[in-house]
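Asks: If you scroll down you'll find the structure; I have some questions about it.
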Amino acid sequence: DAVDCPEWIVPFHVFKSLAEEYDLELVLVKNSHEFVHEYMTKPEFGELMRKLGALGDGNQGQSTLSADEWEAAYLYLSFVLRKRGESDVAGRRAVHRNKHGKMNIAKDDILYISNEV
């Protein structure tokens, strides 16, 4: 089901500058089509996409997007940000799931970003 919500267009250099203000570094940026084609072929990421119900099961013709939606997805970027000072493995907090598959999130896991000075 489509979600009717506002979207904002931000020049990427402005987005990157804002991320840097919060001590986030840009690890990866790709066109959404390139990102999906690269990562859907990797089992660990394809499985995550299937669990999320994003883009179907990764097989040809099984997408949850229509042809028009997929074409429009070309206009979007996929990106990965990482908090500076954290290595790929060390320093990351593990998010554990309970037996029902729901995440246990502590209050201090939530980061509020405000443009107020």
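Using UniProt numbering, the first residue of the sequence shown is number 1, and each one after it goes up by one.
Ideal Cβ placement from N, Cα and C applies to all residues, glycine included.
#1: Which whole-angstrom value describes the C-beta separation of residue 118 and residue 82, a residue pair presumed to lie in contact below a C-beta threshold of 8 angstroms?
#2: I need the straight-line Cα distance from residue 42 to residue 5, nearest angstrom please.
#3: What is the DSSP secondary structure of residue 3, reduced to helix, strand or coil?
#4: Should residue 36 go down as buried or exposed, given a rule of 16 or more other Cβ atoms within 10 Å for buried?
#5: Could you give the distance in angstroms between the alpha-carbon of residue 8 and the alpha-carbon of residue 21?
Replies: Let's see:
#1: Given that the chain is displayed from residue 1 to residue 117, the structure contains no residue 118 and the question cannot be resolved.
#2: A direct Cα-Cα distance of roughly 31 angstroms separates residue 42 from residue 5.
#3: Of the three classes helix, strand and coil, the one that applies to residue 3 here is coil, per DSSP.
#4: Buried: at least 16 other Cβ atoms inside 10 Å.
#5: Each residue's alpha carbon lies about 19 angstroms from the other.
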